[in-house]
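Residue numbers (our numbering): 6 to 85.
Just below is one structure, and these are the notes that go with it.
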(Lines of atoms letter the chains of each structure in order from A; the text may use other names.)
(Lines give C-alpha, C1' and ligand atoms only; values in the text may rest on other atoms or scores of the structure.)
Protein backbone atom coordinates (compact mmCIF):
# COMPACT_ATOMS: atom_id res chain seq x y z
CA UNK A 6 0.00 0.00 0.00
CA UNK A 7 1.13 3.52 -0.75
CA UNK A 8 -0.34 6.48 1.14
CA UNK A 9 -1.02 9.79 -0.57
CA UNK A 10 -2.50 12.95 0.90
CA UNK A 11 -4.90 15.14 -1.04
CA UNK A 12 -5.91 18.62 0.01
CA UNK A 13 -9.39 19.44 -1.27
CA UNK A 14 -10.98 22.84 -1.87
CA UNK A 15 -14.78 22.72 -1.81
CA UNK A 16 -17.55 25.03 -2.93
CA UNK A 17 -18.47 27.33 -0.03
CA UNK A 18 -20.55 25.63 2.63
CA UNK A 19 -20.13 22.10 1.24
CA UNK A 20 -17.03 20.71 3.00
CA UNK A 21 -19.02 18.45 5.34
CA UNK A 22 -21.06 17.09 2.44
CA UNK A 23 -17.92 16.41 0.39
CA UNK A 24 -16.30 14.68 3.38
CA UNK A 25 -19.33 12.47 3.97
CA UNK A 26 -19.54 11.50 0.32
CA UNK A 27 -15.80 10.73 0.11
CA UNK A 28 -15.99 8.50 3.19
CA UNK A 29 -19.07 6.72 1.81
CA UNK A 30 -17.96 6.19 -1.79
CA UNK A 31 -14.16 6.13 -2.02
CA UNK A 32 -12.90 3.01 -0.29
CA UNK A 33 -9.25 4.11 -0.53
CA UNK A 34 -9.92 6.98 1.90
CA UNK A 35 -8.48 5.98 5.28
CA UNK A 36 -8.57 9.30 7.14
CA UNK A 37 -10.21 12.65 6.44
CA UNK A 38 -9.78 15.94 8.32
CA UNK A 39 -11.26 19.39 8.05
CA UNK A 40 -8.49 22.00 7.88
CA UNK A 41 -8.13 25.76 7.77
CA UNK A 42 -6.51 27.83 5.08
CA UNK A 43 -6.72 27.69 1.32
CA UNK A 44 -8.06 24.12 1.32
CA UNK A 45 -10.98 22.70 3.30
CA UNK A 46 -10.17 19.00 3.68
CA UNK A 47 -7.09 16.82 4.06
CA UNK A 48 -7.69 13.30 2.77
CA UNK A 49 -5.35 10.37 3.39
CA UNK A 50 -5.76 7.61 0.83
CA UNK A 51 -4.07 4.22 0.75
CA UNK A 52 -3.50 3.10 -2.83
CA UNK A 53 -2.15 -0.14 -4.20
CA UNK A 54 1.56 0.25 -4.97
CA UNK A 55 0.93 -0.05 -8.72
CA UNK A 56 -2.06 2.36 -8.77
CA UNK A 57 -2.03 5.36 -11.11
CA UNK A 58 -2.19 8.29 -8.68
CA UNK A 59 -3.25 10.77 -11.37
CA UNK A 60 -6.14 8.64 -12.54
CA UNK A 61 -7.24 8.03 -8.95
CA UNK A 62 -7.25 11.72 -8.02
CA UNK A 63 -8.84 12.97 -11.24
CA UNK A 64 -11.31 10.12 -11.55
CA UNK A 65 -12.32 9.46 -7.96
CA UNK A 66 -11.76 12.62 -5.90
CA UNK A 67 -12.00 15.54 -8.33
CA UNK A 68 -15.28 14.21 -9.67
CA UNK A 69 -17.02 14.30 -6.28
CA UNK A 70 -19.78 16.93 -6.29
CA UNK A 71 -18.70 20.37 -5.00
CA UNK A 72 -14.94 19.71 -5.28
CA UNK A 73 -13.33 22.82 -6.79
CA UNK A 74 -9.61 22.02 -6.62
CA UNK A 75 -7.12 19.51 -5.24
CA UNK A 76 -3.44 19.44 -4.30
CA UNK A 77 -1.85 15.98 -4.17
CA UNK A 78 1.08 15.12 -1.89
CA UNK A 79 2.85 11.89 -2.81
CA UNK A 80 4.75 10.14 -0.03
CA UNK A 81 8.13 8.41 -0.24
CA UNK A 82 8.97 7.04 3.23
CA UNK A 83 7.15 6.69 6.53
CA UNK A 84 9.26 7.37 9.61
CA UNK A 85 8.15 5.91 12.92
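Using N, Cα and C, we set each Cβ at its ideal position, and we do this for glycine too.
Everything numeric in this text was worked out from a predicted model, so none of it was measured.
| Query | Result |
| --- | --- |
| For the candidate residues 46, 54, 52, 7, whose alpha-carbon lies nearest to that of residue 23? | 46 |
| Less than 7 angstroms between the C-beta atoms of residue 71 and residue 16, yes or no? | yes |
| Could you give the first and the last residue of the continuous beta strand (DSSP E) run that contains residue 58? | From DSSP, residue 58 is part of no beta strand (DSSP E) but of the alpha helix (DSSP H) over 58-61. |
| Check residue 28 in the structure and name its three-state DSSP category. | helix |
| Please report how far the alpha carbon of residue 13 lies from the alpha carbon of residue 34, in whole angstroms. | 13 angstroms |
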